[in-house]
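Participant:
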Amino acid sequence: MRGTAYYCTVEELQKRGRDDIPEQFRSNTHLIYSSPATLAFNSPGAEGFGVKRAGLAIPDSIMLIVAPGCCGRNTSMISSMPQYEDRFFYLTMDETDIVTGRHLKKVPKAVQEICDSLAKKPSVVMICITCVDALLGTDMERICRKSEEKTGLPVRPCYMYALTREGRKPPMVHVRQSLYSLLGPKKKKGNVVNLLGFFSPLMDDCELYGMLEKAGVKTVHEISRCKNYEEYQTMAEANFNLVLHPEARFAAEDFHEKLQIPFIELRRLYQIDKITKQYQALGKVLGILFEDKEAERTALDAVERLKVAKPDAIFAIGECMNGDPFELALALVKYGFQVAEIYGTLTAENFVYLKHLSELSPQTKVFSNMEPTMIYYDHKESGVTTTIGKDACYYHPDAENVMWNEEVQPYGYAGVKHLCEKLLEV
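Counting from 1, position 30 in the sequence shown corresponds to residue 30 in UniProt numbering; the numbering is continuous, with no gaps.
1. Mind checking which residues open and close the alpha helix (DSSP H) that includes residue 413?
2. Could you please give the first and the last residue of the uninterrupted alpha helix (DSSP H) stretch that includes residue 115?
3. Could you give the distance in angstroms between the alpha-carbon of residue 385 and the alpha-carbon of residue 333?
4. Count the C-beta pairs between the region 276-288 and the region 302-311 that are closer than 8 Å, then say yes if the count reaches three, no if not.
5. Residues in the same chain with beta-carbon distance under 8 Å from residue 143, minus the five sequence neighbours each way, listed in chain order, please.
6. Where residue 116 and residue 148 are concerned, what is the direct C-alpha to C-alpha distance, given to the nearest angstrom?
7. Rounded to a whole number of angstroms, what is the C-alpha to C-alpha distance between residue 186 and residue 177?
8. Which value, in whole angstroms, describes the spacing of the CA atoms of residue 296 and residue 413?
9. What number of angstroms, rounded off, separates the C-alpha of residue 370 from the C-alpha of residue 152?
10. Short of 8 Å in beta carbon distance, which residues of its chain neighbour residue 411, apart from the five on each side in sequence? Order them along the chain.
11. Assign residue 261 to one of two classes, buried (16 or more other C-beta atoms within 10 Å of its C-beta) or exposed (fewer than that).
12. Expressed to the nearest angstrom, what Euclidean distance is found between the alpha-carbon atoms of residue 234 and residue 27?
13. Given that a residue counts as buried once 16 or more other Cβ atoms are within 10 Å of its Cβ, and exposed if not, what is residue 102?
14. Is any heavy atom in the ligand FMN found nearer than 7 Å to the beta carbon of residue 85?
15. Can you list, in chain order, the residues of its chain with a C-beta nearer than 6 Å to that of residue 11? Leave out the 5 residues immediately preceding and following it.
16. Could you check the C-alpha separation between residue 364 and residue 4 for me, to the nearest Å?
17. Considering only C-alpha positions, which residue in the set 112, 331, 135 and 137 is nearest to residue 145?
18. With DSSP as the reference, label residue 144 as helix, strand or coil.
19. Please report how far the alpha carbon of residue 31 lies from the alpha carbon of residue 237, in whole angstroms.
20. Work out the CA separation of residue 288 and residue 393 for me, nearest whole Å.
21. Count the other C-beta atoms from every protein chain shown that fall within 10 angstroms of the C-beta of residue 375, then say buried if there are 16 or more, exposed otherwise.
22. Taking just the CA atoms, how far does residue 258 sit from residue 184?
23. Check whether the region 208-222 and the region 245-253 are in contact - that is, three or more C-beta pairs closer than 8 Å.
24. On the CB-based measure, 16 or more other CB atoms within 10 Å of its CB, does residue 391 come out buried or exposed?
25. Quick one: what does DSSP say residue 223 is sitting in, helix, strand or coil?
26. In chain order, what are the residue ranges of uninterrupted alpha helix (DSSP H) at least 4 long that sit wholly in the region 190-217?
27. Please classify residue 374: does DSSP put it in a helix, a strand, or coil?
28. Check the C-beta distance from residue 316 over to residue 396 and give it rounded, since I have them as a contact under 8 Å.
29. Assuming residue 272 and residue 416 make a contact with CB atoms under 8 Å, what is their CB distance in whole Å?
30. Considering only C-alpha positions, which residue in the set 404, 134, 377 and 194 is nearest to residue 266?
31. So if DSSP puts residue 14 in a beta bridge, which residue, or which two residues, is it bridged to?
32. Could you pull the DSSP bridge partners for residue 157 from this structure?
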């Protein structure tokens, strides 16, 4: 007998509250359904900037992947990309290694052999390990120190542990800490700022660059724009950091503790009024007045054009895209659109958006991509005409779709403008 995909309405979730999230939305309480909609992000080693690509964000770095064949296999697609040629190396594990941990003695020697074989010495060696070593309780910090003694090069760990995805420090949080741990103390420069959070740059026309420049900032560092290791090291000269993604919070705290560089946290938002308030708050902290009226007007105009062209659009919002699906859904509802469905990993932090959504669109349905009953999902009665996100596209193959998961990162008013333009294109 055919089942039904589990969902809750926004109103139901809001009534239950952040301390009573249904177990269907908590992946540690049930089997995970790895549908084509979830395979893109289920694994920390998956496509996009999973642990593997993120770990190579430092210029001229290389990575040794220590894993059974099944875990290392999906790297072959990444290593075929021109920018990663000769940067991935493998130390495969057999069954005896998994039982005894004997492979750990081979790691420092393997790192040395790789470095000796390269025409140009790498700047850093990242060692990527998997759930196998999580279960073995491997002390990877010690292994890295042994490898540094062998090679004389900095060696850092990155953990492709799907097991810790729901924990305090998930893989993508830890890899950000590893990336910035190589920075040493430098004399601070008052006109230098780091943007932390993403592994690829913000879109070139993002208004944040111009606003910082008018505020007296001469250099904005992003790890993805560093041309070499020397330029990466100059990130330690920053006067302050802007954290644009919550997964970079721990890394920013490390900056503050070790290098005495304070940080200010901003959010990626699609609600234009909230973007304005966020910039106003940033200006107040910095003691300046940001001139953002023109950028704000451009974003408002883009939204208006979309409303005129598609006043009756009914959206489904996924989480395989550059944004928080709950925040984006709230933005679209506030602009006057209908949002029928959201696919998202629900956490306590999302309830700030659910509160307002429950007032404006209480019957919006929320599904969990990883919940096993999603195998029964049926789009036919949803009424959805337009989807945003790769997962939403999978569930609604006949609807107009904007993937919105490009590597160049949308942000601020420019992000709203470009999203509306993409939606108009389809």
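By construction, the Cβ of each residue, glycine as well, lies at the ideal position given by its N, Cα and C atoms.
Note that the structure is predicted; figures quoted are calculated from it, not measured.
Facilitator: To lay it out plainly:
1. Element bounds for residue 413: 412-425.
2. 107-117 is the span of the alpha helix (DSSP H), which, as asked, contains residue 115.
3. If I take the Cα positions, the gap works out to 15 Å.
4. These segments do not touch.
5. Within its own chain, the residues whose Cβ lies closer than 8 Å to the Cβ of residue 143, once the five positions on either side in sequence are excluded, are 104, 107, 108, 127 and 157, listed in chain order.
6. C-alpha separation (whole angstroms): 13 Å.
7. Roughly 18 Å separates the two Cα atoms.
8. Rounded to the nearest angstrom, the two C-alpha atoms are 6 Å apart.
9. So the alpha carbons of these two residues sit roughly 44 Å apart.
10. Cβ within range, chain order: 202, 203, 206, 208, 244 and 268.
11. It counts as buried.
12. Straight-line measurement puts the Cα of residue 27 at about 40 Å from the Cα of residue 234.
13. By the Cβ neighbour-count rule, residue 102 is exposed, with fewer than 16 other Cβ atoms within 10 Å of its own.
14. Absence of the ligand FMN is noted for the structure shown, with no ligands found whatsoever.
15. Excluding residues within five positions, the ones whose Cβ falls inside 6 Å are 358 and 362.
16. Spanning the alpha carbons of residue 364 and residue 4 requires a straight line of approximately 17 Å.
17. Checking every option, the nearest Cα to that of residue 145 belongs to 112.
18. Here residue 144 sits in helix by DSSP.
19. Whole-angstrom Cα-Cα distance: 46 Å.
20. Distance between the alpha carbons of residue 393 and residue 288: 43 Å.
21. When all chains shown are included, residue 375 counts as exposed.
22. Near 8 Å, if we compare the C-alpha coordinates of residue 258 and residue 184.
23. In the pairwise beta carbon analysis, the region 208-222 is classified as not touching the region 245-253: fewer than three pairs are separated by under 8 Å.
24. By the beta-carbon neighbour count (other beta carbons within 10 angstroms, threshold 16), residue 391 is buried.
25. Note: residue 223 maps to helix in three-state DSSP.
26. Listed in chain order, they are 207-214.
27. It is helical.
28. Yes, residue 316 and residue 396 are in contact; Cβ-Cβ is about 6 Å, under 8 Å.
29. Indeed, because the Cβ distance is near 6 Å, the residues count as touching under 8 Å.
30. Residue 266 has its Cα closest to that of 194, out of 404, 134, 377 and 194.
31. Within the DSSP bridge table, the entry for residue 14 names no partner.
32. Per DSSP, the beta bridge partners of residue 157 are 127.
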